[in-house]
Amino acid sequence: MSAVQTGFVTNGASGTPQSSSIKKKKSKKLTVDETATLIKKMEQVHVEADADDDGDDGDEPEAGDENTVNEVGKKKKKRNRKKKIGACNKDGGGGSPAKVQTEPPTIPVRELYPNENFSAGECVIYPRPKDLPRDDQTAKNRLTSEEKKALELVSEQEYRELRLAAEVHRQTRQYIQRYVKPDMSMIHICETLENTARQLIQENKLEAGLAFPTGCSLNHVAAHYTPNAGDPTVFNANDVCKIDFGTHVNGRIIDCAFTWTFNNKYDRLLEAVREATYAGIATAGIDVRLCDIGEAVQEVMESYEVEIDGKTYPVKCIRNLNGHSIAPYRIHAGKTVPIVKGGEQTRMEEGEVFAIETFGSTGRGMVHDDMEVSHYMKNFNVGHVPLRLNSSKQLLNVINENFSTLAFCRRWLDRLGQTKYLMALKDLCDKNIVDPYPPLCDIKGCYTAQYEHTIILRPTCKEIVSKGDDY
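Encoded structure:
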């Protein structure tokens with residue numbers, strides 16, 4: 001779910017929602033044997049980061065150059081200067097499914113991994129921050145630090161929850177890519193996707209479920225569109241659709257998006273945005289300045305131009321959309337990751353989770369609010385606000401019980417049996433208890449694309465937890 005540069009990102013430290021309806025799940029205490037097993041697994045991925053082992057020149061990875069962590073005692077050779085990410089490496093959780101998923105997918109992911117050894121995402125060595133000396137070894141040394149390995153054991157439950165949510169996201173989106181056909185209604189596509197994810201994650205109010213509504217923005221609409229009830233919009237063969245949805249387990253959110261089209265004339269646009277996202281991910285890391293990520297993204301994105309129906313367009317970054325940090329039950333946790341150069345000097349920090357997302361456009365490269373609102377989210381920092389309308393009180397109770405500070409849409413209120421709630425919803429918005437998120441649009445007639453992954457800045461390495469075989 002995108003962060004808008006102005007007006008949509010709240011500041012403040014990360015935390016859990018204030019709603020009293022959330023029950024925190026106690027972390028599982030590890031036995032001595034389980035701890036030893038975890039340490040053994042960690043040692044399998046923490047390899048010597050000495051570039052001389054592969055005949056390299058001894059320099060650490062540049063921003064944008066990464067080494068993929070491989071099996072015991074090995075490291076893949078440095079990839080060439082292309083802004084691509086290596087093949088998915090299963091470490092840490094490291095498990096393989098005990099069952100084969102059905103088609104369509106119906107088996108909850110926990111049942112596929114009965115020991116909860118969910119597969120990790122792609123794990124890569126941190127790049128050297130651009131502004132540090134070339135001989136700085138801090139990022140490289142993290143991989144073999146015993147202290148950093150011990151810190152990861154403390155966070156193992158958090159990683160496990162993120163990996164479960166990520167596996168649900170992967171299986172859901174890959175099924176949707178096989179399922180969607182031209183001229184399907186957007187409501188049908190969204191409900192199929194959401195019902196699949198709910199079943200795979202075993203939805204249980206605030207303990208597990210969807211983290212925000214399915215964005216299915218078409219063409220010039222870049223973000224925050226999902227159909228309301230009665231919306232007749234269909235996905236036509238010449239449309240460009242951004243599929244952006246989130247999953248969560250105990251508030252640990254996976255925010256991941258891709259662009260889908262049936263017409264290969266848009267391939268270069270999709271490639272530009274996908275490769276720009278990979279460039280942003282490659283540059284991201286502990287102590288990296290957010291502005292350096294934006295510069296890397298823009299350099300790749302705006303090196304592309306596309307020809308559509310005989311006319312050539314430069315691909316522009318949508319400069320007022322950003323990536324963002326993520327905290328428990330908080331999709332926009334305070335830090336924004338620009339996709340153009342010249343942003344803030346704030347640095348990424350150890351232990352943070354980020355959504356690295358980029359948007360490209362054949363239009364102006366700026367979005368504005370337009371169309372009917374469908375996305376809403378309770379203000380994370382709101383305190384007690386007195387309400388006069390009983391309908392507003394009742395609706396707020398429903399929001400607190402089912403969504404808390406996670407985003408929701410009107411279709412989801414309909415699904416919960418709410419009726420005639422629009423006046424109450426407007427009242428909550430007018431009192432700044434709930435914030436509306438209108439669709440974000442570039443100029444009509446243009447095309448926009450989006451790609452996004454969630455990354456964990458682990459103490460030893462960067463894990464692209466939502467990475468899959470599809471993208």
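So for the sequence shown, full-length UniProt numbering puts the first residue at 1; every next one is plus one. Beta carbons are placed, not taken as given, at the ideal position from N, Cα and C, and that holds for glycine. Fair warning: this is a prediction, and the values are worked out from it, not measured in the lab.
The Cβ atoms of Ile455 and Ile293 do not sit closer than 8 Å to each other. For Tyr437, the CB contacts under 6 Å within the same chain, skipping 5 residues up- and downstream, are His224, His375 in chain order. When DSSP states are grouped into helix, strand and coil, Asp255 belongs to the strand group. Around Lys341, the same chain offers Gly294, Glu295, Gln298 as residues with beta carbons nearer than 6 Å, after the five sequence neighbours per side are excluded. The DSSP-derived three-state label of Leu162 is helix.
In the DSSP annotation of this structure, Ala284 is not part of any alpha helix (DSSP H), being labelled neither H nor E. The continuous beta strand (DSSP E) containing Leu457 extends over residues 448-457. Counting along the chain, Cys291 sits inside the alpha helix (DSSP H) bounded by residues 290-301. By the beta-carbon neighbour count (other beta carbons within 10 angstroms, threshold 16), Arg160 is buried.
Ranking Val367, Ile464, Gly383, Glu463 by CA distance to the CA of Lys444 puts Val367 first. In this chain, Asp470 is not harboured by any beta strand (DSSP E), its DSSP state being neither H nor E.
If the five residues before and after Lys181 are omitted, its C-beta is found closer than 8 Å to no C-beta atom of its own chain. Proximity to Asn228 across Gln202, Met423, Phe408 peaks at Phe408, based on C-alpha coordinates. By the Cβ rule, the stretch 141-154 does not count as touching the stretch 231-240, because fewer than three pairs are nearer than 8 Å. In this structure, Asp244 and Ala211 do not form a Cβ contact; the two beta carbons are roughly 11 Å apart against a cut-off of 8 Å. C-alpha of Phe359 to C-alpha of Ser185: approximately 24 Å in a straight line.
In the structure shown, Asn264 falls within a helical segment according to DSSP collapsed to helix, strand and coil. At the C-beta level, Val124 and Glu167 stay beyond 8 Å of one another.
The Cβ-Cβ distance between Ile331 and Ile253 falls below 8 Å. Boundaries of the alpha helix (DSSP H) around Glu401: 390-402.
The C-beta of Leu143 has 16 or more other C-beta atoms within 10 Å across all chains shown, which makes the residue buried. In the DSSP annotation of this structure, the continuous segment of the alpha helix (DSSP H) that includes Thr192 starts and ends at 186-201.
Under DSSP, Val100 takes part in no beta bridge, so it has no partner. Between His453 and Thr277, the gap from beta carbon to beta carbon is short of 8 Å. Taking the Cα positions, Pro459 is about 6 Å away from Glu152. Put simply, of Ser217, Gln137, Leu200, Thr362 the residue whose alpha carbon is nearest the alpha carbon of Ala165 is Leu200.
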